[in-house]
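There are 2 protein chains.
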Amino acid sequence: MRHPAQIGVARVLSLRTRGSMKLITRDTDYAVRALCYLAKHRERTISVPELVKALEIPRPFLRKILQLLHNKGILKAYKGKGGGFSMAISPGRISLIEVMRVFQGQFSLNECLFKKECCPRRYSCGLRKKIMEIERQALKDIGKITIGNLARD
Amino acid sequence: MRHPAQIGVARVLSLRTRGSMKLITRDTDYAVRALCYLAKHRERTISVPELVKALEIPRPFLRKILQLLHNKGILKAYKGKGGGFSMAISPGRISLIEVMRVFQGQFSLNECLFKKECCPRRYSCGLRKKIMEIERQALKDIGKITIGNLARD
DNA sequence: TCCAAATGATACCATAATTGTATCATTTGT
DNA sequence: ACAAATGATACAATTATGGTATCATTTGGA
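The following block contains the structure:
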């Protein structure tokens, strides 16, 4: 009679140890903070130094983030002395999902499933349908969250 | 009169270019494939070589994945000639979420929000609540998908 | 008994993503 | 003219991802 090999005690086999799936990366997070700040002070033009002070985000990183938001048309930018950034769109019309897309790319639950027509794996189409439905719903919900909402606390 | 700086044309500022958020990583995907195969042949013990042939997954990587599934108590392992792996639990009781947790760690939409009590950022509690609700729902849905489901196609 | 075939444990490694820094050019208000 | 701001872009450190490789151990069977 054959018996299964014993299960080891708390031995960590690595292969993803400390990781934890995070849907929102740091740059998205910073971007949201900055956008909220700008949304709360729409009357003024806000400079990077001010944002750095208020939000405690590393300066060069924040600059890059703001530049990208500007290039994407989400912010207006004013160069020169007294310059800075301001919202280019109403905060209520900027959803979290858009910000996520700027910094994290398109959403796709599992790349593997999308390569090759309908995937050579038998199981995948079933999984794909279900997963896509979940994704669709989550996107819809995240889409409802706007900078406007968040800025109002 | 001051006017906003112009928006550049299709200039890519890097800071996440080709990335696309994927919720299911390759090892989870491989694990699911392997589990489905095992689920479909519960009567037998399946060896790595057989799985490699059937699923076209790189051998050493698959071995590591199976070992981890074994250590987590999801698979039974038989050493020695004629050995291999088999399900330790009913496929219907292994949900996708568990497999994801094994390979991708705990789910957490945004780490930043969880560090420091309730976060020094004003906006975050609002965001956190909404995001957590979305997360909760998605987890619930993913939890409903089991290896049993998937193996049945 | 010995060997081949299997897993167990673990160390290593290449590439890409993440999270930044640093620098120089340009614009603009005073 | 100068200082203060953004624009563009190159570089860099750390971690995650997706693997390889190696040696030890177990086990069935000739």
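Those protein sequences? They're chains A and B, same order as listed. One gets this note's numbering by counting positions in the first sequence from 1 and adding 834 to each. One gets this note's numbering by counting positions in the second sequence from 1 and adding 834 to each. For each residue, glycine too, the CB sits at the ideal point set by N, CA and C. Bear in mind the structure is a predicted one, so any value in this text is a computation, not a measurement.
Within the DSSP bridge table, the entry for A/M855 names B/F941 as partners. With at least 16 other beta carbons inside 10 angstroms of its own, A/R867 counts as buried.
Each residue's CA atom was taken as its position, placing A/I908 and B/V936 some 38 Å apart. DSSP places B/K913 outside both helix and strand once states are collapsed to three, so it counts as coil. Against chain A, a Cβ distance below 7 Å from B/K964 picks out I979. Among the bridge pairs identified by DSSP, B/M921 is matched with B/L909.
DSSP lists A/F919 as the bridge partner or partners of A/I880.
Taking a cut-off of 8 Å for Cβ pairs, the stretch 923-942 of chain B and the stretch 910-928 of chain A do not touch, as fewer than three such pairs fall below it. Put simply, the CB of B/I928 is far from chain A, with every gap to its CB atoms at 8 Å or more. Comparing alpha-carbon positions, the option among A/V933, A/K887 and A/V886 lying closest to A/H904 turns out to be A/V933. For the pair B/F919 and B/L872, the CB atoms are nearer than the 8 Å cut-off. Shown here is that no member of the stretch 871-887 of chain B has a Cβ falling below 7 Å from a Cβ of chain A. Shown here for B/E967: not one same chain residue has a beta carbon closer than 6 Å to its own, the five before and five after excluded.
In this chain, the alpha helix (DSSP H) harbouring A/R860 covers R860 to K874. The shortest C-alpha to C-alpha distance from B/R893 to any of B/L973, B/Y864, B/I979 and B/T980 is the one to B/Y864. Excluding five sequence positions before and after B/L900, the CB atoms of its chain that fall closer than 6 Å to its own CB belong to F919, given in chain order. The way I'd put it, the stretch 967-979 of chain A does touch the stretch 968-977 of chain B; three or more beta-carbon pairs between them come closer than 8 Å. Distance from the Cα of B/V886 is smallest, within the candidate group B/R986, B/R897, B/T879 and B/R878, for B/R897. In chain order, C870, A873, K874 and P925 place their CB closer than 7 Å to the CB of B/A985, counting only its own chain and leaving out the 5 sequence neighbours on each side. Non-local beta-carbon contacts of A/A922 in its own chain, meaning distances under 7 Å to residues more than five positions away in sequence, involve G907, I908, L909 and K910 in chain order.
Contact between A/S881 and A/G914 is ruled out by a C-beta separation of about 11 Å, above the 8 Å threshold. B/F895 and B/D861 have their C-alpha atoms spaced approximately 8 Å apart.
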